[in-house]
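Engineer:
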Amino acid sequence: MKKKNLKKLLILNIPYVVIGLVATNIGEAFRIAGGTNASEKVQSVVLDGCFGTAFANPLPSLHPIDLLVGLAIGGILRLAVYIKGKNAKKFRHNQEYGSARWGKHEDIEPYMDPVFQNNVILSQTERLTMNSRPTNPKYARNKNTLVVGGSGSGKTRFFIKPNLLQMHSSYVLTDPKGTVLPEVGNALLKNGYRIKIFNTINFKKSMHYNPFAYVHDEKDILKLVTTLIANTKGEGKSNDEFWEKAEKLLYSALIGYIHYEAPEEEQNFSTLLEMINAMEVREDDEEFKNPVDLMFDELAERDPDHFAVRQYAKYKLSAGKTAKSILVSCGARLAPFDIKELREITAYDELELDTLGDKKTALFLIMSDTDATFNFLISMVYTQLFNLLCEKADDVYGGRLPVHVRCLIDEAANIGQIPNLEKLMATIRSREISAALVLQAKSQLKAIYKDNADTIIGNCDTQIFLGGSEQTTLKDLNTILGKETIDMYNTGETRGTSQSYNMNYQKLGHDLMSIDELAVMDGGKCIVQVRGVRPFLSDKYDLTQHPKYPLTADADKRNWFDIEKFLDHNLILKPDDQYEVIEINED
């Protein structure tokens with residue numbers, strides 16, 4: 001850097017050195033001129049042709065006095081230019097009221113991978129490389145994306161499906177309508193993907209998911225309890241902090257007991273529900289012990305310092321009436337697990353969340369967009385997924401997963417609150433994990449995450465607006481786009497005894513796109529913003545132009561993915577199959 005600055009300094013001062021060397025000949029002319037004072041010497045220089053004599057030799061004079069004259073003239077000229085530059089007025093031509101403009105292809109080109117399938121598709125003309133460590137670090141951007149678009153703006157067709165078909169990562173997709181899997185499932189299978197399905201609309205079309213299968217220590221127990229509490233509050237309710245903390249104590253104690261003491265096949269929500277149902281409390285008999293009390297007493301004798309024992313002891317500090325209220329609250333929170341199908345679907349685990357970063361997998365989380373009863377399970381999946389993958393990246397793979405895991409969270413505001421999402425969005429990048437939050441309006445995110453919503457949005461290096469009319473979103477976007485400088489032309493006419501006309505030109509600041517223009521934006525257009533790059537007004541991506549589009553059911557109905565057939569584990573024998581029948585007699 002120092003060499004570069006020195007080189008620049010030398011180049012800028014070369015003209016003054018040249019002028020100084022030429023000025024040495026002026027010094028020589030005055031030196032050889034006759035006369036005893038300045039006026040006589042000036043006359044001699046003009047009348048006696050001293051200039052001609054001095055400049056007869058084009059080379060500079062090396063006489064000490066002449067060199068001092070050249071140095072003085074060169075120095076004075078450099079000083080004058082420096083002072084002039086310091087006092088110069090600063091003009092920004094055509095940027096007087098703002099410099100905003102729409103981006104061009106050369107603006108986004110450094111951020112794109114030359115190989116099409118190694119990119120995140122943003123629009124028809126804009127893409128973002130999946131390489132998190134490009135050759136030039138200044139072009140590195142995280143892959144977190146915020147997609148905002150009103151109902152019917154094409155969030156699934158123009159963003160979700162094209163990025164699924166890129167097939168450069170493992171994918172976790174929230175599918176609110178349950179239509180994406182049937183349409184692209186076969187395309188993923190044909191390209192070597194494992195398909196995992198968790199369906200909270202129709203449990204018969206779902207694999208099993210047991211949150212207890214991913215609990216390995218006390219930290220995991222506390223994380224599971226926090227997730228359960230955060231996502232079963234009920235919309236718009238602000239529960240008393242005391243009751244929440246009391247519930248956490250009881251859940252931590254019971255789940256701790258189940259994890260450390262129960263056999264593997266009983267480590268699930270069914271066992272937790274049975275234990276709560278067995279916890280009878282008698283307000284008039286403080287000495288009464290229910291079966292769960294006796295279980296913890298036995299455990300306390302064996303291991304007084306056991307995690308579950310310590311948590312349960314804190315819960316037992318409550319009086320009989322308080323304990324009964326805590327149990328009622330816990331029972332109400334776990335009410336969905338009274339449904340037999342839900343208990344069965346969470347009995348054991350088939351999703352293998354901790355393996356998504358090992359090999360290419362597509363996990364589809366199908367949820368209802370009208371009924372939020374079971375959405376807390378989807379949030380639990382995401383919470384455990386982020387924690388498991390971050391831990392595996394750090395402990396097994398030295399900080400980076402071998403296969404990038406991309407979470408396409410459609411209807412992100414409807415799955416419930418993911419605890420610490422604002423921190424996760426900032427830290428998952430380095431582990432080769434990214435999230436795309438798909439919303440109908442930014443206000444949805446603020447309603448759930450409150451003050452943390454801005455932090456979450458700030459950790460998304462890419463934002464896409466597909467269209468909408470929600471005012472908060474439009475105002476934010478209008479502010480971010482900024483103002484451009486335009487030319488204004490006025491004409492005037494004065495009528496009277498003598499008619500006159502006038503014309504006036506001036507500069508004016510104008511929004512790059514005003515709120516009303518954003519509200520009526522063409523349905524085929526979108527606005528793409530990448531951190532550090534001018535915004536782009538582009539066409540939405542045409543799904544039919546994707547190289548893998550022919551493999552989807554959109555292109556050919558014969559590619560329809562049959563979920564029930566895929567999940568049917570019953571053995572179907574073919575006519576040419578050979579098998580052996582073994583009879584077992586029970587004695």
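Here the sequence shown is numbered in the UniProt record's numbering, starting from 1 and rising by one per residue.
Using N, Cα and C, we set each Cβ at its ideal position, and we do this for glycine too.
Under 8 Å: do the segment 268-288 and the segment 313-325 share three or more Cβ pairs, one atom per stretch?
Structural biologist: yes
Engineer: Name the DSSP bridge partner or partners of Ser206?
Structural biologist: Its beta-bridge partners do not exist; DSSP assigns none.
Engineer: Quick check: the segment 356-369 against the segment 161-173, are at least 3 beta-carbon pairs closer than 8 Å?
Structural biologist: yes
Engineer: Would you kindly report the start and end of the unbroken alpha helix (DSSP H) that includes Asn119?
Structural biologist: Per DSSP, Asn119 lies in no alpha helix (DSSP H) segment; the continuous beta strand (DSSP E) that holds it begins and ends at 119-121.
Engineer: Please work out which residues of its chain come closer than 7 Å, Cβ to Cβ, to Leu122, disregarding the five sequence neighbours upstream and downstream, and give them in chain order.
Structural biologist: Contacts found: Leu128, Thr462, Ile464, Val528.
Engineer: Enumerated in chain order, which unbroken segments of the beta strand (DSSP E) with a length of 3 residues or greater are wholly contained in the segment 99-157?
Structural biologist: 119-121, 127-129, 145-149
Engineer: Within 10 angstroms of its Cβ, does Gly256 collect 16 or more other Cβ (buried), or is it exposed?
Structural biologist: buried
Engineer: Under DSSP, the alpha helix (DSSP H) around Tyr82 begins and ends at which residues?
Structural biologist: 64-86
Engineer: Take Ile457 as the anchor and find which of Val438, Ala308, Ser379 has the nearest alpha-carbon.
Structural biologist: The shortest C-alpha separation from Ile457 is found at Val438.
Engineer: Could you name the residues that DSSP lists as bridge partners for Leu537?
Structural biologist: Ile527
Engineer: What does a CB cutoff of less than 7 Å around Thr271 pick up in its chain, not counting 5 residues either side in sequence?
Structural biologist: Closer than 7 Å at the Cβ level, and outside the excluded window around Thr271, lie Ile258, Ala262.
Engineer: Going straight from the alpha carbon of Lys143 to that of Asp410, what length do you get?
Structural biologist: About 16 Å.
Engineer: What does the alpha-carbon distance come out to for the pair Thr506 and Gln499?
Structural biologist: Note that residue 506 corresponds to Gln in the displayed sequence, not to Thr. If I take the Cα positions, the gap works out to 24 Å.
Engineer: In whole angstroms, what separates the C-alpha of Lys540 from that of Asp358?
Structural biologist: 33 Å
Engineer: What are the partner residues of Tyr171, as DSSP defines its beta bridges?
Structural biologist: Ala362, Arg406
Engineer: Taking the alpha-carbon positions, what's the Lys237 to Asn199 distance?
Structural biologist: For Lys237, the predicted model reports a pLDDT of 43, less than 50, meaning its position is unreliable; a value from the coordinates is still stated below. Answer to the nearest angstrom: the Cα atoms are 26 Å apart.
Engineer: State the DSSP-derived secondary structure class of His510, mapped to helix, strand or coil.
Structural biologist: strand
Engineer: If you reduce the DSSP assignment to three classes, tell me which class Ala33 lands in.
Structural biologist: coil
Engineer: How is the alpha helix (DSSP H) around Ile345 delimited, first residue to last?
Structural biologist: 340-345
Engineer: Is Met279 near the ligand NAP, in the sense that its beta carbon is under 7 Å from a heavy atom of that ligand?
Structural biologist: In the structure on display, the ligand NAP does not appear, and there are no ligands present to speak of.
Engineer: Hey, is the segment 52-70 in contact with the segment 475-492, meaning 3+ C-beta pairs nearer than 8 Å?
Structural biologist: no
Engineer: Using C-beta distances below 7 Å, list every residue in its chain close to Asn387, excluding the 5 sequence neighbours before and after it, in chain order.
Structural biologist: Lys223
Engineer: Enumerate in chain order the residues of its own chain whose CB-to-CB distance from Trp243 is below 6 Å, with the five nearest sequence positions on each side excluded.
Structural biologist: Cβ neighbours of Trp243 beyond the five flanking positions: Ser329.
Engineer: Helix or strand or just coil, what does DSSP make of Leu385?
Structural biologist: If DSSP states are grouped into helix, strand and coil, Leu385 belongs with the helices.
Engineer: Mind pulling the beta strand (DSSP E) runs of 3 or more residues that sit fully within the segment 420-500?
Structural biologist: Fully enclosed beta strand (DSSP E) runs of 3 or longer: 433-439, 462-467, 483-494.
Engineer: Taking the straight line between their C-alpha atoms, what separation do you get for Asn13 and Phe55?
Structural biologist: For the pair Asn13 and Phe55, the Cα-to-Cα distance works out to about 24 Å.
Engineer: By the 10 Å Cβ neighbour count, where 16 or more other Cβ atoms means buried, how is Met488 classified, buried or exposed?
Structural biologist: exposed
Engineer: According to DSSP, simplified to helix, strand and coil, what is Tyr193?
Structural biologist: coil
Engineer: At what residues does the alpha helix (DSSP H) containing Ile229 begin and finish?
Structural biologist: Boundaries of the alpha helix (DSSP H) harbouring Ile229: 218-230, taken from the DSSP string.
Engineer: Helix, strand or coil for Glu235 per DSSP?
Structural biologist: At Glu235, the pLDDT of 47 sits below 50, so the modelled position is not reliable; the number obtained from the coordinates is stated separately. Coil at Glu235, not helix or strand.
Engineer: Among all the DSSP beta bridges, which residues are the ones paired with Tyr505?
Structural biologist: Tyr489
Engineer: So Leu181 and Tyr549 are in contact, right, with Cβ under 8 Å, and what is the actual spacing, rounded?
Structural biologist: About 17 Å; that fails the 8 Å criterion.
Engineer: Is the beta carbon of Val309 sitting closer than 8 Å to the one on Leu356?
Structural biologist: No, the Cβ-Cβ distance between Val309 and Leu356 is not below 8 Å.
Engineer: State buried or exposed for Asp220, treating a residue as buried only when at least 16 other CB atoms are found within 10 Å of its CB.
Structural biologist: buried
Engineer: Contact defined as beta carbons within less than 8 Å: I believe Met207 pairs with Glu391. What is the distance between those atoms, to the nearest angstrom?
Structural biologist: Wrong, their Cβ atoms sit about 23 Å apart, outside the cutoff.
Engineer: Quick check: the Cα distance between Lys3 and Leu9, rounded to an integer number of angstroms?
Structural biologist: For the pair Lys3 and Leu9, the Cα-to-Cα distance works out to about 10 Å.
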